[in-house]
Amino acid sequence: MSLSLQSGGSSSRVSASSFSATGTGIVAAANAAGNQVTTRPITTGTSVLGIKYRNGVMLAADTLVSYGSLAKYKNARRLLPVNSRTLIGASGEYSDLQSISDLLIANALEDRCTADSLYEEDNTNEECAKEVWSYLRAVMYQRRNKMNPLWNDVIVAGFQQNPDGSTSDTPFLGTVDKIGTAYEDDMLATGFGGYIALPLMREKYRPDMEEGEARALLEDCLRILFYRDCRALNRVQIAKVTKEGGVLVSEPYELDTFWDYKGYVSTKAGMGTDGGW
Amino acid sequence: MFRNMYDTDVTVWSPEGRLLQVEYAMESVKQGSACIALRSSTHSVLGALKRSVSELSSHQQKILEIDDHLGIGIAGLTADARTLAKWMRNECLNHKYVYGTSMPTGRLATDLADRHQRTTQTYVRRPYGVGLLLASFDKNGPHVFETCPSGNVYECYATAIGARSQSGRTYLEKHYESFPTCSKDDLIMHALRALVGCVAGDGELTKENGSVAVVGKDEKFTLIEGDELQPYLDRLELEGGNNNGGGGGEEEKDDDDEEEDEAKEEDAMET
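Dropping the structure here:
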């Protein structure tokens, strides 16, 4: 697998590229209290994609964590279950994602241990996806107000909850960014995927998509992202939440890629262009 | 009143292993006017007897709304209950802001009990002199919780606290097995019948001193008082039930362990 086929790369990831340009840049600044706060991410994951389909929600992301422009960790999992029916995926600072995941898993454990009812056996104390999403929104917004954000764009997937606590048939898909902006949609993408994958997903999306169609669409998007996004990888994970099966995260696997296009194969020199794409 | 050398501070044990100040606080709950709570599989109902300090004054509020899905009934020091109610309302709002959903009752009840408990272990504090009944309908269905000054918390099908509450409790114990299938109105009637037993001496349950609240599935917490309560009282009258001494009070006859509460001076602080 060749990672540096292209020069240049995405200009959208300003902070990451400026980091690599300056080498050891200053990554933290002091706030008013004299504490160090994050001013740019160090180890980053790129796009996460999410889409609703006929009977569930699906997320997709590659497994690369970059250190600036260096492809540092190639088997990092960025799609994480936080309880039996909620899944998150995040781009941005990987250590902040680990911290978010720890926080949500700790909350889920506390929910399990402090049963609401002594009588009901299957008492669903567990937070539904919407609660996790809303909670994350509050956390992210609070951190940004402290001028010390968690540097992630997070996608939360799961199911809506009926007023009586049972899981409804309606899938939930929401996103929260690093400054606490939160919204729901039928399909979402973070990072570079917002530019490259989201328009494709909007074009192909149908509310009654079968699981296979949704998965094929997401894989296509990941492949295209791998072609165009210099911080992407063709080693990916797909995860889904269904009402019956709960959360399922695939093991990382590699997407087939096709590099035999004429433009890739032939040299640029002598083509009468400036040599760029 | 028994004085004791171990009751001058809440953190001091008696040799029998008791915290006398806490027990005194529990006593203040028993002096407050009665409050009952019960639930079916679709609704939770609170009922309370309100007191007024004089003919010329209004009745002291006994049931407080905390959130759309949750309310409390109080017995003991009203002022303490107001402090706690303010805190609970705040907790519910915070939960709604952070999670976008309403506060799970069990969590609020345990947090409330923790607040009670803290005062029993901290120097220069006194326990809250109030017992609370929480009635709610949340994502896990209807709930009834009881908290007391000692920091204990119980979840119940039905319960009663306050003065003469034993007769109300006896009524509830006798009928609770039929509650799950009760309609909202039936549940309110059960609440009133349990309350009638708690009325003092030759008193009567009226639309002035009675207070009922109900919350249920897709139904916000609603207080039923005054003229809105009258139809239910009329129904009770029809059953021949609104007479503390006899009539519908047939259940109170088997009050094997009725409390001694003859000499209860009506303290203005307690309701």
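Line by line, the protein sequences are chains A and B.
Heads up: take any position in the first sequence, counting from 1, add 1032, and you land on our numbering.
Heads up: take any position in the second sequence, counting from 1, add 3, and you land on our numbering.
All C-beta atoms, glycine included, are put in the ideal place defined by N, C-alpha and C.
query	result
Between which two residues does the alpha helix (DSSP H) containing M1233/A stretch?	G1225 to K1236
Tell me, to the nearest whole angstrom, how far the beta carbon of I191/B is from that of C38/B; I am working on the premise that it is less than 8 Å.	15 Å between Cβ atoms; not a contact.
Taking the C-alpha atoms as reference points, what is the distance between P1239/A and K1084/A?	7 Å
Give the residues of chain B in contact with N1107/A, contact being defined as C-beta atoms less than 7 Å apart.	Here the premise fails: no neighbours, minimum Cβ distance about 34 Å.
Is the beta carbon of D1252/A closer than 9 Å to that of L1232/A?	yes
Thinking C-beta only, is G132/B closer than 9 Å to L49/B?	no
Note down, in chain order, all residues in the stretch 112–136 of chain B with a beta-carbon under 8 Å from any beta-carbon belonging to chain A.	T113
In the structure shown, what three-state DSSP assignment does A1170/A receive?	helix
Within 8 Å, do at least three Cβ pairs link the stretch 169–182 of chain B to the stretch 106–117 of chain B?	no
Can you give me the C-alpha to C-alpha distance between N1107/A and H119/B, rounded to a whole angstrom?	50 Å
Between P1181/A and chain B, is there a C-beta pair that is closer than 9 Å?	no
For the alpha helix (DSSP H) containing H98/B, name the first residue and the last one.	T81 to Y102
Counting only the same chain and skipping the five closest in sequence on each side, list residues whose C-beta sits under 7 Å from that of N212/B.	L52, K53 and H62
For T1056/A, count neighbouring Cβ atoms within 10 angstroms of its own Cβ and tell me buried if that reaches 16, exposed if not.	Per-residue confidence for T1056/A stands at a pLDDT of 40, beneath the threshold of 50, marking its modelled position as unreliable; the derived number appears in the next sentence. By the neighbour-count rule (16 or more Cβ atoms within 10 Å), T1056/A is not buried but exposed.
By DSSP, does P183/B sit in helix, in strand, or in coil?	helix
Out of S1101/A, A1093/A, G1077/A and T1118/A, which one is the CA nearest neighbour of E1276/A?	T1118/A
Is there a Cβ of chain A sitting closer than 9 Å to that of V101/B, yes or no?	yes
Would you report the Cα separation of G1190/A and L1249/A, rounded to the nearest angstrom?	19 Å
Answer with buried or exposed for D1094/A, where buried requires no fewer than 16 other C-beta atoms within 10 angstroms of its C-beta.	buried
Okay, do the stretch 232–240 of chain B and the stretch 63–82 of chain B touch, 3+ Cβ pairs below 8 Å being the bar?	no
Using 8 Å for Cβ pairs, my map puts T1078/A next to K1104/A. What's the rounded Cβ distance?	The pair is not a contact, with the Cβ atoms about 12 Å apart (cut-off 8 Å).
Contact defined as beta carbons within less than 8 Å: I believe D1143/A pairs with E1159/A. What is the distance between those atoms, to the nearest angstrom?	6 Å
So which residues of chain A does D70/B contact, with C-beta pairs closer than 8 Å?	Near D70/B there are no residues of chain A at all, since even the closest Cβ is about 14 Å away, more than 8 Å.
Which one of Q1193/A, M1241/A and Y1167/A has the shortest CA to CA distance from N143/B?	Q1193/A
In terms of alpha-carbon separation, which member of V1080/A, P1073/A, L1111/A and I1120/A lies closest to G1100/A?	P1073/A
Note down, in chain order, all residues in the stretch 1156–1170 of chain A with a beta-carbon under 9 Å from any beta-carbon belonging to chain B.	T1156, N1157, E1159, C1160, K1162, E1163, V1164, W1165, S1166, Y1167, R1169 and A1170
Does the stretch 84–91 of chain B come close enough to the stretch 1286–1295 of chain A to have 3 or more Cβ pairs within less than 8 Å?	no
I need the straight-line Cα distance from A1062/A to N1177/A, nearest angstrom please.	15 Å
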